[in-house]
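Asker: The structure is given below, and queries will be raised subsequently.
2 protein chains.
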Amino acid sequence: MRVELISIGDELLIGQTVNTNASWIGSQFSKQGISVDNSVTIKDTENAIISALDVAIYRSDVIILTGGLGPTKDDITKKVLAGYFSTELVINEEVLTRVRGFFEARGKEMLDINIQQAALPKSAIILHNEVGTASGMWFQQDEKVILSLPGVPYEMKHLLSTQGFDMLMKKFRVQKLYNRTVQFQGIGESYLADKISDIEDSLAKKNIKLAYLPSTGMLRLRFSGKFSDEVENDISKSIDELYKRLSKHLFGGEKKSLSEVVGDLLIKENAKVGTVESCTGGAIAKELVQVPGSSRYFEGSIICYSNELKRNIVEVKKIALEKYGAVSEEVVLQMAKNGQKKLNVNYCIATSGVAGPTGGSEDKPVGLVWIGIAGPNSVRAYRFQFGNNRGRNIQSSVLTALNLLRCHILKL
Amino acid sequence: MRVELISIGDELLIGQTVNTNASWIGSQFSKQGISVDNSVTIKDTENAIISALDVAIYRSDVIILTGGLGPTKDDITKKVLAGYFSTELVINEEVLTRVRGFFEARGKEMLDINIQQAALPKSAIILHNEVGTASGMWFQQDEKVILSLPGVPYEMKHLLSTQGFDMLMKKFRVQKLYNRTVQFQGIGESYLADKISDIEDSLAKKNIKLAYLPSTGMLRLRFSGKFSDEVENDISKSIDELYKRLSKHLFGGEKKSLSEVVGDLLIKENAKVGTVESCTGGAIAKELVQVPGSSRYFEGSIICYSNELKRNIVEVKKIALEKYGAVSEEVVLQMAKNGQKKLNVNYCIATSGVAGPTGGSEDKPVGLVWIGIAGPNSVRAYRFQFGNNRGRNIQSSVLTALNLLRCHILKL
Chain A
825 MRVELISIGD ELLIGQTVNT NASWIGSQFS KQGISVDNSV TIKDTENAII SALDVAIYRS
885 DVIILTGGLG PTKDDITKKV LAGYFSTELV INEEVLTRVR GFFEARGKEM LDINIQQAAL
945 PKSAIILHNE VGTASGMWFQ QDEKVILSLP GVPYEMKHLL STQGFDMLMK KFRVQKLYNR
1005 TVQFQGIGES YLADKISDIE DSLAKKNIKL AYLPSTGMLR LRFSGKFSDE VENDISKSID
1065 ELYKRLSKHL FGGEKKSLSE VVGDLLIKEN AKVGTVESCT GGAIAKELVQ VPGSSRYFEG
1125 SIICYSNELK RNIVEVKKIA LEKYGAVSEE VVLQMAKNGQ KKLNVNYCIA TSGVAGPTGG
1185 SEDKPVGLVW IGIAGPNSVR AYRFQFGNNR GRNIQSSVLT ALNLLRCHIL KL
Chain B
825 MRVELISIGD ELLIGQTVNT NASWIGSQFS KQGISVDNSV TIKDTENAII SALDVAIYRS
885 DVIILTGGLG PTKDDITKKV LAGYFSTELV INEEVLTRVR GFFEARGKEM LDINIQQAAL
945 PKSAIILHNE VGTASGMWFQ QDEKVILSLP GVPYEMKHLL STQGFDMLMK KFRVQKLYNR
1005 TVQFQGIGES YLADKISDIE DSLAKKNIKL AYLPSTGMLR LRFSGKFSDE VENDISKSID
1065 ELYKRLSKHL FGGEKKSLSE VVGDLLIKEN AKVGTVESCT GGAIAKELVQ VPGSSRYFEG
1125 SIICYSNELK RNIVEVKKIA LEKYGAVSEE VVLQMAKNGQ KKLNVNYCIA TSGVAGPTGG
1185 SEDKPVGLVW IGIAGPNSVR AYRFQFGNNR GRNIQSSVLT ALNLLRCHIL KL
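Sequences listed follow chains A and B, in order. Under this note's numbering, think of the first position of the first sequence as 825, with each following residue one higher. Under this note's numbering, think of the first position of the second sequence as 825, with each following residue one higher.
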């Protein structure tokens, strides 16, 4: 099953929009052990679409087109495809009813160009769009499938996830892969590989593969093997073992972010959290607040970027700042403890560090970050040495701090 | 000049990396009035590279390849190109010296595979890489140019900006475009177009074009015309006029972000800033702190997500919270004024709103945000109604608040 993507749209070629559709579709096929062989981006002209289709039909089995299905004049994909496959556009009553409902629900007037969105190629199988007005279209020619989808990311994802992928797997009799992904914080790729080499070896014998997917301050590990109860069981057992072995780093599956995992724990404990941030400058608070409903556990923060505020609002002792400096174990401990009281929370995260690019010294180089965690019964500080990049240092500090809080709550 | 991009790398096809190189190159050509006609992403195999080159050389004049120039075995682009253009790899002494210097400067040992990075195709013109070890390679065939660049974004950008673009413009005798971009906050595309229709019309007569480039909470406007003193002068005059007409929204050119512009103003005034945030939960502080050196003007923040903290730390009056609710003019005014004192700053930004997706009411729907700005002589509150998306509401609030602060400092 050779897969090719055709992304249609001038906005992609002139760089006004980054093509995240292509990478998302690639990652979804990759989860099924299928690789996309070619991905092309073209202008929204009839010639460009026809040329790309000619090439793709020659070399690929599955061609997924995205874009050009909107109601306006520059959206020509549907017409070009109807011509290419020598079929006519006919109003699909089911689609028309849904498009009409879509406008009614939003209290918007339905124009003739919107009605035209229900005019679809007669020979195509229609994929029904529950989240927008452009339908997906499935054409077949010589055992090849050409699937046209809207370019709006959430509409495209909806159509592929709910219908497209299943239809493709069935049509090409692809044995589905079973996938599970777990997420780690605070452990590097090579170090993790070393810690789990025995598990990886024994899974390899059963044709279950591991993929390491790193990003700043995080690492995702994906298990995949052919769908069977045995494979599901083997992967499940291995993950249980990982949870035991690496509980300080393994924070969950792929559905929830670290801040959501921490939020769930806080809700379970009926506990409140706050932060006292220096070098992260509010980035931990922002990450916590990103989660809808975080007001159930997030109380607030003090961002004491200056030493004056560390003293005046957080009441860090003057002597500690003078003797050890702001970036020190003693100061983050005071920040965490005092913050806990002032913010009236069960848990308080504190950070102080040298985010860079300047401001480092021999003793306290750029990337040095102290993180303090105060909990109901204890307060602890941890030292980290990150790199030279300001943005990445802040991001690493945020994720590290949230994971330390997780460990603190779970007493790991 | 028909331009085609070939991005090489499995990581792009399986969606592990989003192809930002293609969009950056597209945007740079677009600035010169040149459109990229095709952009293809392929596997890093010899066959895939050769097939893509065959097609590209047939239909395009300029072919830019990115990726596959690293020192490891899976980086095969250089070898494939040498074969394709029937030339041999020879050590380039100038490049070898620089690569050696690169390793010496970092105190790292230079391995044989690194020496091989100085082995380059004899017939290619070499583009010298000052920020990495992979050189750019310029091949010509039948008046067509094939330019191979590393896939690391900053190395690719460096080679194109310092050498590649100029060489292409010269070779194809393209008259360069003069471009200037200005950035707006708090004004929509259609509203701006209406306000400046007379300017747009008169520039159109001189073949100077405007491009509207919107993003969440922001709008960039790009002017472009053929390089000449007259065009430069016309654009410059128009921008001066825009600064007069739309001073509340036009915050600067494209080189600085809004938080940098605000930072510059604060440095100039020798003033300090702080924030008291509820619905933005630290996102304004984070945006200010992103700027290296922001400790010169950013003191800190109080994130009072809960009403208890609004009362206990910010000392918002209980009666105000009870009578008007947390999301109200009265409360943000108190937050801004009290924050100014507590944080000991000249300017204080305060926010309180319903970020969503839930928590809205008839009176105070999701997306309602109050922003308060306290300055040396006055305090004011502003009401905004954003949309339904939590992330976009927070981002819009951040940019709106920073722009209000800019207006406040400049007394606009």
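For glycine and all other residues, C-beta sits at the position ideal for the given N, C-alpha and C.
(1) Specify the secondary structure class of Y1148 of chain B as computed by DSSP and reduced to three states.
(2) Determine contact between the segment 1084-1097 of chain A and the segment 1057-1069 of chain B, defined as no fewer than three beta-carbon pairs at a distance below 8 Å.
(3) Locate the alpha helix (DSSP H) running through M993 of chain B, then write down its first and last residues.
(4) Who are the Cβ neighbours of Q999 of chain B in its own chain at under 6 Å, not counting the five residues just before and after it?
(5) For N1168 of chain B, decide whether its Cβ has a neighbour in chain A, counting only Cβ atoms nearer than 8 Å.
(6) At the 8 Å Cβ level, is Q1219 of chain B part of the contact set with chain A, yes or no?
(7) Below 7 Å on C-beta distance, what does S1122 of chain A contact in chain B?
(8) Pick from B:K897, B:G931, B:K946: whose alpha carbon is nearest that of I937 of chain B?
(9) Note down, in chain order, every chain B residue with its Cβ under 8 Å from the Cβ of N1213 of chain A.
(10) Quick one: which chain E residues come within Cβ less than 8 Å of E1132 of chain A?
(11) How far does the alpha helix (DSSP H) with M1159 of chain A in it reach, from first residue to last?
(12) Skipping 5 residues on each side, what residues in its chain have a beta carbon closer than 6 Å to that of K1188 of chain B?
(13) Give the C-beta separation of S884 of chain A and N862 of chain A to the nearest angstrom, bearing in mind that I take them to be a contact with Cβ-Cβ under 8 Å.
(14) Hey, out of A:E1056, A:V1115, A:I1020, A:G1077, whose CA is closest to R1044 of chain A's CA?
(15) With a threshold of 7 Å on Cβ separation, who are the neighbours of N845 of chain A within its own chain once the five nearest residues in sequence on each side are excluded?
(16) What is the C-beta distance between K855 of chain A and S1048 of chain A, in whole angstroms, given that I count them as a contact (C-beta under 8 Å)?
(17) Using a Cβ-Cβ cut-off of 6 Å (strictly less than) and excluding sequence neighbours within five positions of A1198 of chain B, which residues of its own chain qualify?
(18) What number of angstroms, rounded off, separates the C-alpha of K1079 of chain A from the C-alpha of A1017 of chain B?
(19) By the criterion of Cβ-Cβ separation under 7 Å, what are the contact partners of K1110 of chain B in chain A?
(20) Just to confirm the assignment, what range does the alpha helix (DSSP H) spanning S1083 of chain A have?
(21) Kindly indicate if chain B contains any beta-carbon less than 8 Å away from that of V1151 of chain A.
(22) Between the C-alpha atoms of I1195 of chain B and Y1002 of chain A, what's the straight-line distance to the nearest angstrom?
(23) For L1167 of chain A, which option in B:L1027, B:V1193, B:C1128 has the closest C-alpha, if you only look at C-alpha atoms?
(24) Please report the straight-line C-alpha distance between E954 of chain A and G1211 of chain B, rounded to a whole angstrom.
(25) Could you check how far apart the C-beta atoms of P945 of chain B and F909 of chain B are, in whole angstroms? I think they sit under 8 Å.
(26) Since N1227 of chain B and F1075 of chain B should fall inside the 8 Å C-beta cutoff, what is the C-beta to C-beta distance between them, to a whole number of angstroms?
(27) Give me the Cα-Cα distance between S1118 of chain B and R924 of chain B, rounded to the nearest whole angstrom.
(28) Name the two residues that bound the continuous alpha helix (DSSP H) containing E1054 of chain B.
(29) Starting from the C-beta of T865 of chain A, find all residues in its chain whose C-beta is less than 7 Å away, skip the five residues before and the five after it, and write them out in chain order.
(30) Whole angstroms is fine: what's the gap from Q964 of chain B's alpha carbon to L992 of chain B's?
(31) Within 10 angstroms of the Cβ of T1182 of chain A, are there 16 or more other Cβ atoms? Answer buried if so, exposed if not.
(32) For L905 of chain B and D834 of chain B, I'd like the C-alpha separation in whole angstroms.
(33) Spell out the partners DSSP gives N862 of chain B in its beta bridges.
(34) Near G1220 of chain B, what residues of its chain come up, given a Cβ to Cβ distance below 7 Å and the 5 sequence neighbours on each side ignored?
(35) Nearest-angstrom Cα distance between S1130 of chain A and S1102 of chain A?
(36) Determine the direct distance from the alpha carbon of F926 of chain B to that of P895 of chain B, and round the result to whole angstroms.
Answerer: From the atom records:
(1) Locating residue 1148 of chain B in the second sequence gives position 324, where the first residue counts as 1. Residue state, collapsed to three classes: helix.
(2) no
(3) Taking the second sequence and counting its residues from 1, the one referred to as residue 993 of chain B is at position 169. First-last of the alpha helix (DSSP H) with M993 of chain B: 989-995.
(4) Position 175 of the second sequence, counted from the first residue, corresponds to residue 999 of chain B. K1050.
(5) In the second sequence, counting from the first residue as 1, residue 1168 of chain B sits at position 344. Closer than 8 Å: yes.
(6) As a first step, residue 1219 of chain B is located in the second sequence; it is residue number 395 there, counting from the start. Output row for Q1219 of chain B: interface = no.
(7) Position 298 of the first sequence, counted from the first residue, corresponds to residue 1122 of chain A. A small fix is needed here, since residue 1122 of chain A is Phe in this sequence, not Ser. Residues of chain B passing the Cβ test: Y1129.
(8) Working through the second sequence from its first residue, we reach residue 937 of chain B at position 113. Checked all of B:K897, B:G931, B:K946; the closest Cα to I937 of chain B is B:K897.
(9) Within the first sequence, residue 1213 of chain A is the residue found at index 389, counting from 1. Residues of chain B passing the Cβ test: none, with the nearest at roughly 11 Å.
(10) Any reference to chain E falls outside this structure, whose protein chains are A and B.
(11) By one-based count along the first sequence, residue 1159 of chain A stands at place 335. It spans 1153-1166 - the alpha helix (DSSP H) in which M1159 of chain A sits, taken as one unbroken run.
(12) By 1-based counting over the second sequence, the position of residue 1188 of chain B is 364. Excluding sequence neighbours, K1188 of chain B sits near V1151, V1178.
(13) Taking the first sequence and counting its residues from 1, the one referred to as residue 884 of chain A is at position 60. Taking the first sequence and counting its residues from 1, the one referred to as residue 862 of chain A is at position 38. Confirmed, about 7 Å.
(14) Position 220 of the first sequence, counted from the start, is the residue given in the question as residue 1044 of chain A. Taking only the C-alpha atoms, the option nearest R1044 of chain A is A:G1077.
(15) The count along the first sequence starts at 1 and reaches residue 845 of chain A at position 21. Same-chain partners within the cutoff: S831, T890, G975, P977, M980.
(16) Counted from its first residue, the first sequence places residue 855 of chain A at position 31. Counted from its first residue, the first sequence places residue 1048 of chain A at position 224. With a Cβ gap of about 7 Å, K855 of chain A and S1048 of chain A count as contacting.
(17) Against the second sequence, residue 1198 of chain B aligns to sequence position 374. So the list reads A1160, K1161, Q1164, C1172, once near-sequence residues are dropped.
(18) Residue 1079 of chain A sits at position 255 when you count from the first residue of the first sequence. Residue 1017 of chain B sits at position 193 when you count from the first residue of the second sequence. Taking the straight line from one Cα to the other gives about 42 Å.
(19) Against the second sequence, residue 1110 of chain B aligns to sequence position 286. In chain order: G1105, G1106, A1107, K1110.
(20) In the first sequence, counting from the first residue as 1, residue 1083 of chain A sits at position 259. Looking at the DSSP string, the run of the alpha helix (DSSP H) that includes S1083 of chain A is 1082-1093.
(21) For the purposes of this step, residue 1151 of chain A is taken as the residue at position 327 of the first sequence. No, V1151 of chain A lies away from the interface with chain B (no Cβ there is under 8 Å from its Cβ).
(22) As a first step, residue 1195 of chain B must be located in the second sequence, where it is residue number 371. As a first step, residue 1002 of chain A must be located in the first sequence, where it is residue number 178. Distance between the alpha carbons of I1195 of chain B and Y1002 of chain A: 49 Å.
(23) Position 343 of the first sequence, counted from the start, is the residue given in the question as residue 1167 of chain A. Ranking B:L1027, B:V1193, B:C1128 by Cα distance to L1167 of chain A puts B:C1128 first.
(24) Your numbering for residue 954 of chain A matches position 130 in the first sequence. Your numbering for residue 1211 of chain B matches position 387 in the second sequence. So the alpha carbons of these two residues sit roughly 21 Å apart.
(25) For the purposes of this step, residue 945 of chain B is taken as residue 121 along the second sequence, with counting starting at 1. For the purposes of this step, residue 909 of chain B is taken as residue 85 along the second sequence, with counting starting at 1. Yes, they are in contact, since the Cβ atoms of P945 of chain B and F909 of chain B sit about 7 Å apart, within 8 Å.
(26) Looking up residue 1227 of chain B in the second sequence gives position 403. Looking up residue 1075 of chain B in the second sequence gives position 251. Confirmed, Cβ separation roughly 6 Å.
(27) Sequence index remark: in the second sequence, residue 1118 of chain B carries index 294 (1-based). Sequence index remark: in the second sequence, residue 924 of chain B carries index 100 (1-based). Those two C-alpha atoms are separated by around 37 Å.
(28) In the second sequence, the residue the question calls residue 1054 of chain B occupies position 230. Here the alpha helix (DSSP H) through E1054 of chain B covers 1053-1069.
(29) By one-based count along the first sequence, residue 865 of chain A stands at place 41. Closer than 7 Å at the Cβ level, and outside the excluded window around T865 of chain A, lie S831, L836, L837, N843.
(30) The residue you call residue 964 of chain B lines up with position 140 of the second sequence. The residue you call residue 992 of chain B lines up with position 168 of the second sequence. Near 11 Å, if we compare the C-alpha coordinates of L992 of chain B and Q964 of chain B.
(31) Residue numbering aside, residue 1182 of chain A sits at position 358 when the first sequence is read from its first letter. The residue in question, T1182 of chain A, is exposed, as its Cβ has fewer than 16 Cβ neighbours within 10 Å.
(32) Here residue 905 of chain B refers to the residue found at position 81 when the second sequence is read from its first residue. Here residue 834 of chain B refers to the residue found at position 10 when the second sequence is read from its first residue. Whole-angstrom Cα-Cα distance: 18 Å.
(33) Within the second sequence, the letter at position 38 stands for residue 862 of chain B. Paired residues: A:I866, B:E828.
(34) Indexing the second sequence from 1 puts residue 1220 of chain B at position 396. In the sequence as displayed, the identity of residue 1220 of chain B is Ser instead of Gly. Closer than 7 Å at the Cβ level, and outside the excluded window around S1220 of chain B, lie T1040, G1041, F1210.
(35) As a working mapping, residue 1130 of chain A is identified with position 306 in the first sequence. As a working mapping, residue 1102 of chain A is identified with position 278 in the first sequence. Straight-line Cα distance between these residues: approximately 8 Å.
(36) Counting from one through the second sequence, the residue named residue 895 of chain B turns up at place 71. Counting from one through the second sequence, the residue named residue 926 of chain B turns up at place 102. Rounded to whole angstroms, P895 of chain B to F926 of chain B spans 14 Å at the Cα level.
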